[in-house]
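K.L.:
All the letters of the sequence shown, read from the start, carry residue numbers 1 to 370 under full-length UniProt numbering.
Beta carbons: idealized from backbone N, C-alpha and C, even for Gly.
The structure's right below; bear with me while I get my questions together.
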Amino acid sequence: MSSVVVDILKELLFRNRDRRANPVLDGPMRPNSGLDECPVLSNALREPDDIAFAADGRAYVTAGRTVFRFENSDFSNPLAVAEFDGLATGIASHPKGGVVVCIAGQGIAFLGGPDEGRMLRIEGQHGLRCPTAIVAGAQGDLYVCDGSRDNTPDRWAFDLMEKRRSGRVLRIDGDTGQVEVIAEQLAYPNGICFSLDGQALVVTEAWTHGVSRLPLRAGGRGSAQAMMQNLPGYPARIATHGSGYCLTMFALRTQLVDFVLTEDAYRRKMIERIDPAFWIAPALRSEGHYLEPVQGGGLKKHGSLKAWAPPRSYGLVVFLDDEFEPEASLHSRVGGARHGITGVATEGGSVFVTSKGNGKIIQVTAGPKQ
């Protein structure tokens with residue numbers, strides 16, 4: 001019996017139960033302090049967004065409109081190697097060397113390889129208004145998540161609160177720039193990687209809290225298969241790791257935000273009248289301002305914010321097996337300092353993530369399996 005049918009039957013039997021109720025963090029995703037205990041490699045960048053390693057082992061990180069390179073494995077002395085007119089977002093290694101970088105409103109930039117400095121401009125009806133993630137195939141084809149056709153990357157909260165579903169996955173010829181849409185009407189596709197067998201793309205959708213498998217078929221579109229649904233957070237980038245995957249989430253869902261998304265009149269007034277910093281919406285970090293909407297739920301004892309307080313922001317990294325079942329997770333809970341996890345890359349068996357919320361690059365290891 002399919003999960004959808006089971007959900008419908010449960011809804012009929014338990015009428016007060018939401019079919020997509022916010023799930024409880026339990027089992028392998030039980031809250032812990034593992035992410036706060038991982039070593040911080042750098043805190044030199046403001047809001048590092050994504051990370052990738054070139055074939056020569058050097059790390060590249062996007063932050064704002066700039067791409068930085070770290071020459072040494074100790075992540076000291078970041079060097080600004082490129083600055084653009086648009087936001088630099090998703091980044092990935094390229095099989096010819098160097099990396100490829102998504103530039104909002106412009107296209108794809110090549111850095112550090114034989115095509116150093118080349119800009120593959122994507123304009124017209126396929127223009128990249130909100131690129132979020134990218135992965136490069138062995139033959140140089142580029143697969144890009146365009147999160148929204150309505151909002152730019154810095155307006156992601158608007159995209160959620162406006163309940164948009166205009167995201168796409170594109171295949172781009174790395175030589176000619178020819179664009180093919182292979183999936184559309186997605187709810188903010190926010191992460192992409194190849195499946196372990198190389199036969200499909202794995203794509204995250206932030207606003208529907210899911211992960212899908214999109215088969216690669218020459219000359220046509222495949223049907224997406226849902227691999228994970230009703231996640232407890234908003235998924236960001238994803239990468240293969242060993243015999244499974246490493247998934248990042250930039251914030252947790254809350255009952256309050258899920259409720260506001262059902263109240264259209266209230267939500268429209270909130271967008272019109274309230275500063276976005278104080279919306280009832282997920283955030284990459286908490287500023288501790290008294291006007292923040294969950295401030296009243298932040299319980300303190302002996303000066304310490306309790307871990308069960310409603311999460312204005314959160315840090316979460318989840319390790320999945322080859323069937324997308326969670327095996328372990330690392331958390332930075334309420335009161336932690338490694339929130340807004342947006343980028344992930346693997347190198348030499350190690351996993352590296354970016355905390356955009358708190359300006360850190362972190363090396364992580366999987367916690368014990370539950």
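Can you find the residues in the same chain that come closer than 8 Å, C-beta to C-beta, to GLY97, ignoring five residues on each side of it along the sequence?
P.N.:
On the sequence shown, position 97 is the one that residue 97 refers to. Around GLY97: ALA54, ALA55, ASP56, GLY112, GLY113, PRO114.
K.L.:
Quick one: Cα of LYS356 to Cα of GLY137, how far?
P.N.:
Position 356 of the sequence shown, counting from 1, holds the residue named residue 356. Position 137 of the sequence shown, counting from 1, holds the residue named residue 137. When rounded, the distance between both Cα atoms is 27 Å.
K.L.:
Could you please give the first and the last residue of the uninterrupted beta strand (DSSP E) stretch that includes ALA26?
P.N.:
The residue labelled residue 26 in the question sits at position 26 within the sequence shown. The amino acid occupying residue 26 in the given sequence is Asp; Ala does not appear at that position. Here ASP26 belongs to no beta strand (DSSP E), and DSSP marks it neither H nor E.
K.L.:
The ligand GTP heavy atoms versus the CB of PHE53: any closer than 7 Å?
P.N.:
The ligand GTP is not part of the structure shown, which contains no ligands of any sort.
K.L.:
Who are the near neighbours of SER243 in its chain, counting only those whose CB is closer than 6 Å to its CB and skipping five residues on each side?
P.N.:
Working through the sequence shown from its first residue, we reach residue 243 at position 243. Here the set comprises ASP322.
K.L.:
In this structure, does DSSP put ALA226 in helix, strand or coil?
P.N.:
Here residue 226 refers to the residue found at position 226 when the sequence shown is read from its first residue. Three-state result, ALA226: strand.
K.L.:
What distance in whole Å lies between the Cβ atoms of LEU120 and GLY177, which are believed to be in contact at a cut-off of 8 Å?
P.N.:
The residue you call residue 177 lines up with position 177 of the sequence shown. The residue you call residue 120 lines up with position 120 of the sequence shown. 5 Å between Cβ atoms; contact.
K.L.:
Measuring only the C-alpha atoms, how far is VAL99 from GLY359?
P.N.:
One-based indexing of the sequence shown puts residue 99 at position 99. One-based indexing of the sequence shown puts residue 359 at position 359. Near 22 Å, if we compare the C-alpha coordinates of GLY359 and VAL99.
K.L.:
With respect to the beta strand (DSSP E) encompassing TYR266, which residues constitute its N-terminal and C-terminal limits?
P.N.:
Translated into positions along the sequence shown, residue 266 becomes position 266. No beta strand (DSSP E) holds TYR266; the alpha helix (DSSP H) holding it covers 264–273.
K.L.:
If you run the structure through DSSP and keep just helix, strand and coil, what is ARG171?
P.N.:
Numbered from 1 along the sequence shown, position 171 holds the residue referred to as residue 171. The answer is strand: DSSP assigns ARG171 an E or B state.
K.L.:
Does GLN199 pass the burial test, meaning 16 or more other C-beta atoms within 10 Å, or should it be called exposed?
P.N.:
Here residue 199 refers to the residue found at position 199 when the sequence shown is read from its first residue. Per the 10 Å Cβ criterion, exposed.
K.L.:
Terminal residues of the continuous beta strand (DSSP E) containing PHE35?
P.N.:
Within the sequence shown, numbered from 1, the residue matching residue 35 stands at position 35. Correcting the residue type first, residue 35 is Leu in the shown sequence and not Phe. Careful: LEU35 lies outside any beta strand (DSSP E), inside the alpha helix (DSSP H) at 34–37.
K.L.:
Identify which residue in ARG253, ALA345, TRP207, GLY315 has its Cα closest to the Cα of ALA187.
P.N.:
Looking up residue 187 in the sequence shown gives position 187. Here the closest residue by C-alpha is TRP207.
K.L.:
State the CB to CB distance for the pair LEU35 and GLY210, rounded to an integer number of angstroms; the pair is presumed to be in contact (CB under 8 Å).
P.N.:
As a first step, residue 35 must be located in the sequence shown, where it is residue number 35. As a first step, residue 210 must be located in the sequence shown, where it is residue number 210. Between LEU35 and GLY210 a beta carbon distance of about 22 Å is seen, past the 8 Å cut, so the two are scored as non-contacting.
K.L.:
Is THR254 near PRO310, with beta carbons less than 8 Å apart?
P.N.:
Counting from one through the sequence shown, the residue named residue 254 turns up at place 254. Counting from one through the sequence shown, the residue named residue 310 turns up at place 310. The answer is yes: Cβ separation under 8 Å.
K.L.:
Mind checking which residues open and close the beta strand (DSSP E) that includes ALA133?
P.N.:
Locating residue 133 in the sequence shown gives position 133, counting from the first residue. Run containing ALA133: 131–136, per the beta strand (DSSP E) assignment.
K.L.:
Please go through the same chain and pick out, in chain order, the residues whose beta-carbon is closer than 6 Å to the beta-carbon of ALA366, but skip the five residues on each side of it.
P.N.:
Here the question's residue 366 lines up with position 366 in the sequence shown. The residues are PHE319, ALA328.
K.L.:
Output the distance between the C-alpha atoms of GLY117 and THR89, rounded to the nearest integer angstrom.
P.N.:
Sequence index remark: in the sequence shown, residue 117 carries index 117 (1-based). Sequence index remark: in the sequence shown, residue 89 carries index 89 (1-based). So the two alpha carbons sit approximately 17 Å from each other.
K.L.:
Using the Cα positions of ALA224 and TYR290, report the straight-line distance between them to the nearest angstrom.
P.N.:
Here residue 224 refers to the residue found at position 224 of the sequence shown. Here residue 290 refers to the residue found at position 290 of the sequence shown. If you take the alpha carbons of ALA224 and TYR290, they lie about 43 Å apart.
K.L.:
CB ALA133 to CB GLY191, shorter than 8 Å?
P.N.:
Here the question's residue 133 lines up with position 133 in the sequence shown. Here the question's residue 191 lines up with position 191 in the sequence shown. Closer than 8 Å, so yes.
K.L.:
Out of VAL81, ALA52, GLY340, TYR143, point me to the one whose CA is closest to ARG217's CA.
P.N.:
Taking the sequence shown and counting its residues from 1, one reaches residue 217 at position 217. Residue TYR143 is the option with its Cα nearest to ARG217.
K.L.:
On the three-state DSSP scale, how would you describe ALA59?
P.N.:
As a position in the sequence shown, residue 59 is number 59, starting the count at 1. DSSP places ALA59 in strand when its eight states are reduced to three.
K.L.:
Starting from LEU284, trace the beta strand (DSSP E) in both directions and tell me its first and last residue.
P.N.:
Position 284 of the sequence shown holds residue 284. Counting along the chain, LEU284 falls outside any beta strand (DSSP E), and DSSP gives it neither H nor E.
K.L.:
Classify ARG237: buried if its beta carbon has 16 or more other beta carbons within 10 angstroms, exposed otherwise.
P.N.:
Numbered from 1 along the sequence shown, position 237 holds the residue referred to as residue 237. Buried, by the Cβ-count rule.
K.L.:
Within 10 angstroms of its Cβ, does TYR266 collect 16 or more other Cβ (buried), or is it exposed?
P.N.:
If you number the sequence shown from 1, residue 266 lands on position 266. Looking at its Cβ environment, which holds fewer than 16 other Cβ atoms inside 10 Å, TYR266 is exposed.
K.L.:
In the structure shown, what three-state DSSP assignment does PHE259 receive?
P.N.:
Against the sequence shown, residue 259 aligns to sequence position 259. Three-state DSSP puts PHE259 in a helix.
K.L.:
Please name the residue or residues paired with LEU111 in a DSSP beta bridge.
P.N.:
Your numbering for residue 111 matches position 111 in the sequence shown. DSSP lists VAL99 as partners of LEU111.
K.L.:
How about GLY105 and GLY86: do their beta carbons lie closer than 8 Å?
P.N.:
Reading the sequence shown from its first residue, position 105 is the one you call residue 105. Reading the sequence shown from its first residue, position 86 is the one you call residue 86. Result yes, Cβ atoms of GLY105 and GLY86 sit closer than 8 Å.
K.L.:
May I have the straight-line CA-CA distance separating ALA183 from THR342, to the nearest angstrom?
P.N.:
Sequence index remark: in the sequence shown, residue 183 carries index 183 (1-based). Sequence index remark: in the sequence shown, residue 342 carries index 342 (1-based). If I take the Cα positions, the gap works out to 22 Å.
K.L.:
Would you list the one or two residues that DSSP bridges to ILE362?
P.N.:
Taking the first residue of the sequence shown as 1, we reach residue 362 at position 362. Paired residue(s): VAL40, VAL353.
K.L.:
By Cβ distance below 6 Å, which residues in the same chain neighbour GLU83 in space, the five residues on each side in sequence not counted?
P.N.:
For the purposes of this step, residue 83 is identified with residue 83 of the sequence shown, where counting begins at 1. The answer, listed in chain order, is ARG65, THR66.
K.L.:
Are the CB atoms of VAL317 and LEU330 nearer to each other than 8 Å?
P.N.:
Translated into the one-based positions of the sequence shown, residue 317 becomes position 317. Translated into the one-based positions of the sequence shown, residue 330 becomes position 330. In contact: VAL317 and LEU330 (Cβ atoms closer than 8 Å).
K.L.:
Whole angstroms are fine: how far does the CA of GLN185 sit from the CA of ARG338?
P.N.:
Here the question's residue 338 lines up with position 338 in the sequence shown. Here the question's residue 185 lines up with position 185 in the sequence shown. Approximately 32 Å between the Cα atoms of the pair.
K.L.:
Just how far apart, CA to CA, sit ILE362 and CYS193?
P.N.:
In the sequence shown, the residue the question calls residue 362 occupies position 362. In the sequence shown, the residue the question calls residue 193 occupies position 193. If I take the Cα positions, the gap works out to 20 Å.
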